[in-house]
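In the UniProt record's numbering, the protein residues as written are 1 to 736.
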């Protein structure tokens, strides 16, 4: 977006400013690159910090300087306060921007930055202490009756037995929340008391690992709510303003997936939940309440006040304040034309908001609507498990179209905030979000239509992503008519889980055909001095016996492609595709045109052409070899079909090799850390018993026994493992 122009005079009488010269961003990935972009536009030097795992990430190259923090685990790098502050001093930075996550809402870190003589680009430590912690925020706002609070427990007593007793008082369903948390971490919905102790343990553990605190609060859980939030900005002179609303209701496991601005008009004027003590007071809108809360705590910088709106009653309740820049700040920037990072920097220098915000234009441009989709490295076909690996091919669409915004700037129709480049690594150590895609248009319908096209044109090969799932969500009736709630995704998945078994047969055929053609063309290109010698894969006359290729799609669907080359075209074949045991369709005629070898092919099946993106996995042979070899391709045929990784192309694959793995082996599906072992070597377990708990990308997963037997343990508690590592085995109990 266009960076706002700084006013010539921005101070108020009697105040001193402290210009910022060099900014260290205490974060990683796309938010670091985002802050660097504005800093460069304002003429400020930039400093990145990186862990060993992030050494080659694009954001490191985006900064003027970069300082190493050490090992990959966040506790030894990005969460190590002394290392971050030492890095700032070493690089000569005079200010620290925390981004979001990590230390961004840590009062002790904010104070340590100030104590080191540096400028903290964020709210003052007292505000973070008062409102950044969810439990303390509820206690503070309970003194202001016009701010409606959700019934629950927000006290300091964190004894587990006491929490259980309080849960019974509040009633079920109940929501457990990490007091210091955010982003869906440390949150559990408890529907009855049978799982309460386990959920308390897991919520406390996630809170401690993610935020350094295991304190919880408990609230009554509303079944159908809208998640509405208000962007506020405050300065050091007591000014607090609202910059508009956002609707972040489309969530999965309390993690936002799609956000938009502004929130629907009917919700922007909703009234608070009322009780007898406030019946005589005029009702506040959510924006009014957000500004009041900011003034209560003398808020400075960018912040977000979040509310839940009970769909059944149409009333809002205060949820929390995020004392930082939000992931979804981009949609607010798009519809206002403001640069929130620039405002953060100027406010941190002591500038006054009335002189920073542009005046209301005499003729306002047409209102805009913005949609943001979060691209996660996760597998929707495997319960959205995190996906790790190397990005083999990455591209996202761009546009030269812009729209006039209220701030007097122009905003792009398509905006991409990405942490990715071809060759980047997605590791187990950090959050699974890899990119934000934002579209803006004069209407919501136009913004949604543009987003669908952007998602279809985005290519991410090497890891599995939620790209196709996002496309599916955009077409859901509840989202289209704006009646979606925070439960909508769960309801969609309960109705129609997204798995390979429900995939489009045509897409399976396209993937298999493209993989086969890619291999054949690669063999043809590999021939150099011996071009006149016929190859098994190229120059095959039509009268020759047909050859077969076995394609293993996601290790779930076995596809056989029988093919022979046609005599009348250089890159044309006749193929029969068998999915499982049944032919997917009649024999097809396939023509292949090189689009961007070896990254993309235009595959025409019976005259219908489609561009397919392919990439060879890094562990595959440099060039295909003759014989019983196999190679690994990642294929994205576009449309509604998601990336199909780990396609094994083998000319002489034996059906005997397709036997399923035994249920006695328990392997890691991704790189992970073993958090806790619940069984010992040789222990007798029953079906359903908990064996161990692992963590990947801050998500906790429980491994349970699929059958009764004696356990053989292959890993130790605390161990870091790669994907495919044997964690445990069960020797079944003999049946009499």
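Note that beta-carbon positions come from the ideal geometry of N, C-alpha and C, so glycine has one too.
Residue j beta carbon less than 8 angstroms from that of residue i
i	j	result
residue 681	residue 713	yes
residue 372	residue 466	no
residue 123	residue 349	no
residue 238	residue 298	yes
residue 439	residue 454	yes
residue 341	residue 38	yes
residue 121	residue 105	no
residue 148	residue 317	yes
residue 674	residue 605	no
residue 700	residue 202	yes
residue 708	residue 671	no
residue 471	residue 456	yes
residue 711	residue 683	yes
Neighbour flag for residue i against chain D, beta carbons, 8 angstroms
i	result
residue 216	The structure shown contains no chain D, having only a single protein chain.
Unbroken beta strand (DSSP E) run spanning residue i, endpoints
i	result
residue 50	45-51
residue 611	608-616
residue 410	410-412
residue 666	665-667
residue 600	600-605
residue 348	Counting along the chain, residue 348 falls outside any beta strand (DSSP E), though it belongs to the alpha helix (DSSP H) covering 340-348.
residue 402	402-404
residue 354	First-last for residue 354: 353-356, but that is the alpha helix (DSSP H), not the beta strand (DSSP E).
Of the listed residues the options, nearest to residue i (C-alpha basis)
i	options	result
residue 328	306, 311 and 348	306
residue 594	579, 572 and 606	572
residue 415	335, 352 and 149	335
residue 426	723, 257 and 246	723
residue 315	273, 398 and 191	273
residue 189	253, 242 and 146	253
residue 166	220, 92, 519 and 461	220
residue 434	495, 30, 590 and 45	30
residue 177	125, 215, 690 and 210	215
residue 720	668, 443, 173 and 519	668
residue 592	692, 617, 308 and 520	520
residue 107	213, 138, 395 and 715	213
Rounded C-alpha distance that separates residue i from residue j
i	j	result
residue 728	residue 382	20 angstroms
residue 259	residue 576	44 angstroms
residue 734	residue 663	15 angstroms
residue 463	residue 388	6 angstroms
residue 160	residue 66	44 angstroms
residue 324	residue 281	31 angstroms
residue 132	residue 666	40 angstroms
residue 483	residue 99	32 angstroms
residue 78	residue 84	7 angstroms
residue 244	residue 263	9 angstroms
residue 228	residue 596	44 angstroms
residue 286	residue 113	33 angstroms
residue 380	residue 364	43 angstroms
residue 385	residue 696	9 angstroms
residue 32	residue 311	36 angstroms
residue 397	residue 321	34 angstroms
residue 109	residue 70	18 angstroms
residue 353	residue 497	48 angstroms
residue 368	residue 265	13 angstroms
residue 44	residue 111	23 angstroms
residue 360	residue 141	32 angstroms
residue 103	residue 81	8 angstroms
residue 513	residue 468	20 angstroms
residue 622	residue 522	At residue 622 the pLDDT is 42, less than 50, meaning the model places this residue with poor confidence; the figure from the coordinates comes in the next sentence. Straight-line Cα distance between these residues: approximately 10 angstroms.
residue 564	residue 524	15 angstroms
residue 495	residue 246	27 angstroms
Opening and closing residue of the alpha helix (DSSP H) in which residue i lies
i	result
residue 682	Residue 682 -> no alpha helix (DSSP H), and no H or E assigned at all.
residue 94	Careful: residue 94 lies outside any alpha helix (DSSP H) and carries neither H nor E.
residue 332	329-336
residue 57	Here residue 57 belongs to no alpha helix (DSSP H), and DSSP marks it neither H nor E.
residue 29	29-41
residue 110	107-115
4-residue-minimum alpha helix (DSSP H) runs that sit fully inside the segment 448-485, ordered along the chain:
Listed in chain order, they are 467-474 and 477-480.
With a floor of 4 residues, list each alpha helix (DSSP H) that falls wholly inside the segment 205-239, ordered by position along the chain. none
task = Mind listing, in chain order, the continuous alpha helix (DSSP H) runs of no fewer than 4 residues lying wholly within the segment 275-325?
result = 286-296
Taking only runs that begin and end inside the segment 362-398, name each unbroken beta strand (DSSP E) of 3 or more residues, in chain order.
-> 369-376 and 393-395
In the segment 142-192, which residue ranges form an unbroken beta strand (DSSP E) of at least 3 residues, counting only runs that do not cross its ends? 174-178 and 187-190
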